[in-house]
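J.: If you scroll down you'll find the structure; I have some questions about it.
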């Protein structure tokens with residue numbers, strides 16, 4: 118098993134360093150870099166779960182929508198032409214990416230158009246990771262796979278990740294570990310009241326298997342998670358390392374790094390401020406009508422960055438009450 122190879126770990130560390138440098142420079146110059154570093158692209162707007170901490174299942178019927186091949190190609194062509202070093206594309210945003218039957222061809226297209234210079238990643242709940250799809254992942258040369266688990270036991274998993282099958286997901290991860298996939302593999306754990314007691318055993322279990330562990334705290338989803346206070350831990354109950362990182366991020370980013378680094382595109386081409394903005398309170402533009410660069414450099418986007426810099430979060434609808442803003 119080579120999914121935690123040193124080359125991938127070093128690449129991720131360098132990428133993180135580049136992002137931190139971008140944020141630091143913005144704090145000094147108040148000028149954003151000419152192009153984003155991280156892209157999240159929603160190729161399909163569907164998910165097969167009803168997770169407790171996700172607003173999607175509470176937002177009523179969603180009309181199924183798949184991004185057109187023409188629009189996806191336009192997006193990837195521009196990113197490939199303009200991209201800076203350590204650019205990443207995640208064909209994932211407020212959805213389950215493996216519900217897109219064409220996701221593997223899209224991953225291959227990114228590598229083809231960028232001469233394999235752009236990093237690709239998937240964040241998935243893992244339920245659709247069949248043996249056939251794992252083989253397709255190998256062929257797509259995807260660099261990063263992150264599987265959202267949030268639990269160590271089936272009982273806790275069923276509380277949090279409702280509508281999914283714990284045993285099936287665990288089996289799929291084991292198949293992936295034993296497969297020829299040789300890039301970065303991680304499991305994700307979002308801290309909340311229901312799972313805090315399982316954190317340490319979760320970390321130890323997966324690290325022994327050579328799988329990286331991503332730990333984060335529950336987000337307010339830019340105000341779209343009505344049950345946030347019922348689910349979220351008090352800051353004093355969070356592990357010291359999480360609190361320290363949160364404080365460090367607040368100091369270095371002045372509140373939020375998303376508008377300085379990330380670019381989020383919905384299946385219809387609309388660009389939202391951040392991946393947490395489920396109710397689409399702000400639409401910054403549409404990549405079918407404008408270029409990524411035009412939207413990234415727009416006065417509307419820059420005004421929001423300036424407000425974040427000044428910590429005037431109450432003037433930005435998606436930021437009101439956001440956990441990142443309140444940290």
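In the numbering used here, the protein residues as written are 118 to 444.
Every residue, glycine too, gets a C-beta built ideally from N, C-alpha and C.
If I measure Cβ to Cβ from residue 338 and keep anything under 7 Å in the same chain, skipping five residues before and after, which residues do I get?
T.: The sequence position of residue 338 within the chain shown is 221, counting from 1. Excluding residues within five positions, the ones whose Cβ falls inside 7 Å are 172, 393 and 395.
J.: Cα-Cα, which of 277, 258 and 256 is closest to residue 265?
T.: Counted from its first residue, the chain shown places residue 265 at position 148. Out of 277, 258 and 256, 277 has the C-alpha closest to the C-alpha of residue 265.
J.: Unbroken beta strand (DSSP E) runs of length 3 or more, entirely within the stretch 380-431: which are they?
T.: As far as the stretch 380-431 is concerned, its whole beta strand (DSSP E) runs of at least 3 residues are 387-389 and 400-403.
J.: What residue range does the beta strand (DSSP E) around residue 304 cover?
T.: In the chain shown, residue 304 corresponds to position 187, counting from 1. That run of the beta strand (DSSP E) goes 301-308.
J.: Would you list, in sequence order, the uninterrupted alpha helix (DSSP H) runs of no fewer than 4 residues that lie entirely inside the stretch 319-383?
T.: With a minimum length of 4 residues, the continuous alpha helix (DSSP H) runs that stay inside the stretch 319-383 are 345-348, 357-370 and 375-378.
J.: Less than 8 Å between the C-beta atoms of residue 166 and residue 242, yes or no?
T.: In the chain shown, counting from the first residue as 1, residue 166 sits at position 49. In the chain shown, counting from the first residue as 1, residue 242 sits at position 125. Yes; because the gap between Cβ atoms is below 8 Å, this pair is in contact.
J.: If we count the other Cβ atoms within 10 Å of its Cβ and call it buried at 16 or more, is residue 312 buried or exposed?
T.: As a working note, residue 312 is residue 195 in the chain shown. The residue in question, residue 312, is buried, as its Cβ has 16 or more Cβ neighbours within 10 Å.
J.: Leaving aside the five residues before and after residue 124 along the sequence, list all residues of the same chain whose C-beta is less than 8 Å from its C-beta, in chain order.
T.: Numbered from its first residue, the chain shown carries residue 124 at position 7. Its pLDDT being 47, under 50, residue 124 is placed unreliably in this model, and the value from its coordinates should be taken loosely. Closer than 8 Å at Cβ, skipping near neighbours: no residue.
J.: Hey, which unbroken runs of the alpha helix (DSSP H) at 4 residues or more fall wholly within the stretch 132-220?
T.: Counting whole runs of 4 or more residues, the stretch 132-220 contains the alpha helix (DSSP H) stretches 186-199.
J.: Around the C-beta of residue 268, are 16 or more other C-beta atoms found within 10 angstroms, so that it is buried, or is it exposed?
T.: Residue numbering aside, residue 268 sits at position 151 when the chain shown is read from its first letter. Classification for residue 268: buried.
J.: Residue range of the alpha helix (DSSP H) that residue 236 falls in?
T.: Within the chain shown, residue 236 is the residue found at index 119, counting from 1. Where residue 236 is concerned, there is no enclosing alpha helix (DSSP H), although the beta strand (DSSP E) it sits in stretches over 236-241.
J.: Leaving aside the five residues before and after residue 174 along the sequence, list all residues of the same chain whose C-beta is less than 6 Å from its C-beta, in chain order.
T.: Here residue 174 refers to the residue found at position 57 of the chain shown. Same-chain partners within the cutoff: 167.
J.: May I ask you to verify whether the stretch 394-412 touches the stretch 330-345, counting CB pairs closer than 8 Å and requiring at least 3?
T.: These segments touch.
J.: Sort 158, 138 and 414 by Cα distance to residue 382 and report the nearest one.
T.: On the chain shown, residue 382 is found 265 positions in, with the first residue counted as 1. Taking only the C-alpha atoms, the option nearest residue 382 is 158.
J.: Report the rounded CA-to-CA distance for residue 142 versus residue 207, giving the unit in angstroms.
T.: Locating residue 142 in the chain shown gives position 25, counting from the first residue. Locating residue 207 in the chain shown gives position 90, counting from the first residue. Approximately 25 Å between the Cα atoms of the pair.
J.: Check the DSSP bridge columns for residue 278 and list the partner residues they point to.
T.: Here residue 278 refers to the residue found at position 161 of the chain shown. Partner(s): 168.
J.: Is the beta carbon of residue 413 less than 8 Å from the beta carbon of residue 221?
T.: Here residue 413 is taken as the residue at index 296 of the chain shown, counted from 1. Here residue 221 is taken as the residue at index 104 of the chain shown, counted from 1. No, they are not a contact pair.
J.: Excluding the 5 residues flanking residue 417 on each side, which residues of the same chain have their C-beta closer than 7 Å to its C-beta?
T.: Here residue 417 refers to the residue found at position 300 when the chain shown is read from its first residue. Closer than 7 Å at Cβ, skipping near neighbours: 401.
J.: In whole angstroms, give me the CA-to-CA distance for residue 289 and residue 405.
T.: For the purposes of this step, residue 289 is taken as the residue at position 172 of the chain shown. For the purposes of this step, residue 405 is taken as the residue at position 288 of the chain shown. Distance between the alpha carbons of residue 289 and residue 405: 36 Å.
J.: Please confirm whether residue 154 and residue 205 have their CB atoms less than 8 Å apart.
T.: Along the chain shown, read from residue 1 onward, the residue named residue 154 stands at position 37. Along the chain shown, read from residue 1 onward, the residue named residue 205 stands at position 88. Taking 8 Å as the Cβ cut-off, residue 154 and residue 205 qualify as a contacting pair.
J.: Judging by CA-CA distance, which residue of 348, 307, 234 and 310 is the nearest neighbour of residue 194?
T.: Taking the chain shown and counting its residues from 1, one reaches residue 194 at position 77. Per the Cα distances, 234.
J.: Distance check for residue 335 and residue 421, CA to CA, integer angstroms please.
T.: Here residue 421 is taken as the residue at index 304 of the chain shown, counted from 1. Here residue 335 is taken as the residue at index 218 of the chain shown, counted from 1. Roughly 23 Å separates the two Cα atoms.
J.: Measuring only the C-alpha atoms, how far is residue 286 from residue 244?
T.: Within the chain shown, the letter at position 169 stands for residue 286. Within the chain shown, the letter at position 127 stands for residue 244. Rounded to the nearest angstrom, the two C-alpha atoms are 5 Å apart.
J.: If you follow the beta strand (DSSP E) that residue 264 is in, where does it begin and where does it stop?
T.: Residue numbering aside, residue 264 sits at position 147 when the chain shown is read from its first letter. Its beta strand (DSSP E) spans residues 261-265.
J.: Is the beta carbon of residue 329 closer than 8 Å to that of residue 301?
T.: Position 184 of the chain shown holds residue 301. Position 212 of the chain shown holds residue 329. Yes, the pair counts as a contact, with Cβ atoms nearer than the cut-off.
J.: By a C-beta neighbour count over all protein chains shown, 10 Å radius and 16 as the cutoff for buried, is residue 423 buried or exposed?
T.: Taking the first residue of the chain shown as 1, we reach residue 423 at position 306. Exposed, because fewer than 16 other Cβ atoms sit within 10 Å of the Cβ of residue 423.
J.: Closest to residue 291 by C-alpha separation, out of 408, 237 and 323, would be which residue?
T.: Translated into positions along the chain shown, residue 291 becomes position 174. The option with the nearest alpha carbon to residue 291 is 323.
J.: Do the CB positions of residue 251 and residue 293 come within less than 8 Å of each other?
T.: In the chain shown, counting from the first residue as 1, residue 251 sits at position 134. In the chain shown, counting from the first residue as 1, residue 293 sits at position 176. Yes.
J.: Should residue 247 be labelled buried (16 or more other beta-carbon atoms within 10 Å of its own) or exposed?
T.: In the chain shown, the residue the question calls residue 247 occupies position 130. Label assigned to residue 247: exposed.
J.: Determine the burial state of residue 139: buried for a count of at least 16 other Cβ atoms within 10 Å of its Cβ, exposed for fewer.
T.: Walking along the chain shown from the start, residue 139 turns up at place 22. Residue 139 is buried by the Cβ-count criterion.
J.: Out of 386, 232 and 231, state which residue places its alpha-carbon closest to the alpha-carbon of residue 403.
T.: In the chain shown, counting from the first residue as 1, residue 403 sits at position 286. When only C-alpha atoms are compared, the closest one is 386.
J.: Between the Cα of residue 419 and the Cα atoms of 135, 147, 398 and 134, which residue gives the shortest distance?
T.: Walking along the chain shown from the start, residue 419 turns up at place 302. Checking every option, the nearest Cα to that of residue 419 belongs to 147.
J.: Just to confirm the assignment, what range does the alpha helix (DSSP H) spanning residue 248 have?
T.: The sequence position of residue 248 within the chain shown is 131, counting from 1. Unbroken alpha helix (DSSP H) run through residue 248: 248-257.
J.: Would you kindly report the start and end of the unbroken alpha helix (DSSP H) that includes residue 312?
T.: Against the chain shown, residue 312 aligns to sequence position 195. Element bounds for residue 312: n/a, residue is neither H nor E.
J.: What does a CB cutoff of less than 6 Å around residue 68 pick up in its chain, not counting 5 residues either side in sequence?
T.: Here the chain has residues from 118 to 444 only, and residue 68 is not among them.
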